[in-house]
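Residue numbers (full-length UniProt numbering): 1 to 244.
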C-alpha cells in the first residue's frame, strides 16, 4: 500500500465570465467536500499563491490555487468509489468548468522528512521537476535531494516537513476539455512546508546555490515551482462526515 497525494492546481482562463470569489466559494465549500466524503480521501489542504513580489514569474503566478488531497492508499484512485464521483451538471459546466483550467496529478510518496517544530505549517513550496530521463541524471537528482537539498532546508527556521513523490498519472481539464498529459507532466514532486510569519528566504536561496544544486537545476527539462500560503484545511476533526 503506497501513500500519495492528488495534486490539483487551478486557474481562471476567462476572468470576464467567472470571478475568483465565485470560483473559490464553489471549490472550497462544495467541490472539495464532494471529494472528501469518499472513504479513501480523509483530508486535504487548500493553498493560495503568495501575494508577494518574487524575483521572476513562477508556476504559482499562472495557477494561483493548489489543493492537496491525501491518499493513505494511492490505489484508491482506481476504485469504483472514486471514479463514481457525480459528474457536474450543465449549469456548473457553463458557469465554472468552461472558464477554468485544472491540472490534476496523482503522485506516489517516496520520501518524508519531518522537522522538529510543533507549529502548524503556514507556507508550502511545490516543486514539480523533471530531470533528464537517463538513469545517471535521475540518480543524481535523487541523491541531491536526499544528501544535500532537504538536509539544508531541514536546518532552516520554521521547517515542518518535506515530502517527495513520483508521478503516477496526470490529466488536464481546460475549459472542460479533458486530456491525458502523463507523458508531459513533471515526473517528480517535492512539497516543502514551513511555519512562521514568513518563508526563510535566505536559507532557501542557499539551498539552491551550491554547485550540486546548480548542476541539477541547470539540467532540468521541466520546472514548475509554486510558492503558496495555506488557506484552508479539511480534516475529519473539523468535518465529521469527511472520509466516512
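Glycine included, every Cβ here is placed at the ideal spot set by N, Cα and C.
Note that the structure is a prediction, hence the values are computed from the model and not measured.
- How close, in whole Å, do the beta carbons of residue 59 and residue 224 come, if the pair is a contact with beta carbons under 8 Å? Approximately 4 Å separates the beta-carbon atoms of residue 59 and residue 224; this is inside 8 Å, confirming the contact.
- Is it the case that the Cβ atoms of residue 113 and residue 168 are separated by a distance below 8 Å? No. Outside cutoff.
- Does DSSP put residue 231 in a helix, in a strand, or in coil? Strand at residue 231.
- Task: Going by DSSP, name the residue or residues bridged to residue 52.
- Result: In the DSSP assignment, no residue is bridged to residue 52.
- May I ask which residues mark the beginning and end of the beta strand (DSSP E) holding residue 215? In the DSSP assignment, residue 215 falls outside any beta strand (DSSP E) and within the unbroken alpha helix (DSSP H) covering 211–218.
- Task: Output the distance between the C-alpha atoms of residue 100 and residue 40, rounded to the nearest integer angstrom.
- Result: If I take the Cα positions, the gap works out to 26 Å.
- Query: When the Cα atoms are used, what is the spatial distance from residue 150 to residue 31?
  - Reply: About 34 Å.
- Taking just the CA atoms, how far does residue 206 sit from residue 4? Spanning the two alpha carbons is a distance of roughly 29 Å.
- Just to confirm, does residue 144 get its C-beta within under 7 Å of one of the non-hydrogen atoms of the ligand SAM? Looking for the ligand SAM in the displayed structure turns up nothing, as the structure carries no ligands at all.
- Item | Inter-residue Cα distance where the pair is residue 242 and residue 141 | Reliability fails at residue 242, whose pLDDT of 43 lies under 50, so the model's placement of it is uncertain and the value that follows must be treated cautiously. Taking the straight line joining both Cα atoms gives about 37 Å.
- To the nearest angstrom, report how far apart residue 73 and residue 51 are at their CA atoms. Note on geometry: alpha-carbon atoms of residue 73 and residue 51 lie some 34 Å from one another.
- Task: Taking all protein chains shown into account, decide if residue 254 is buried (16 or more other Cβ within 10 angstroms of its Cβ) or exposed.
- Result: For residue 254 there is no data in the structure shown, the boundaries of the chain being 1 and 244.
- Item | Start and end residues, beta strand (DSSP E) containing residue 4 | Per DSSP, the continuous beta strand (DSSP E) segment holding residue 4 begins and ends at 4–12.
- Message: Which same chain residues end up closer than 6 Å to residue 182 when comparing Cβ atoms and leaving out the 5 residues on each side of it in sequence?
- Response: The beta carbon of residue 182 sits closer than 6 Å to those of 169, 170, all from its chain and outside the five residues before and after it, given in chain order.
- Query: Who pairs with residue 69 in a beta bridge, going by DSSP?
  - Reply: Under DSSP, residue 69 shares a beta bridge with 6, 44.
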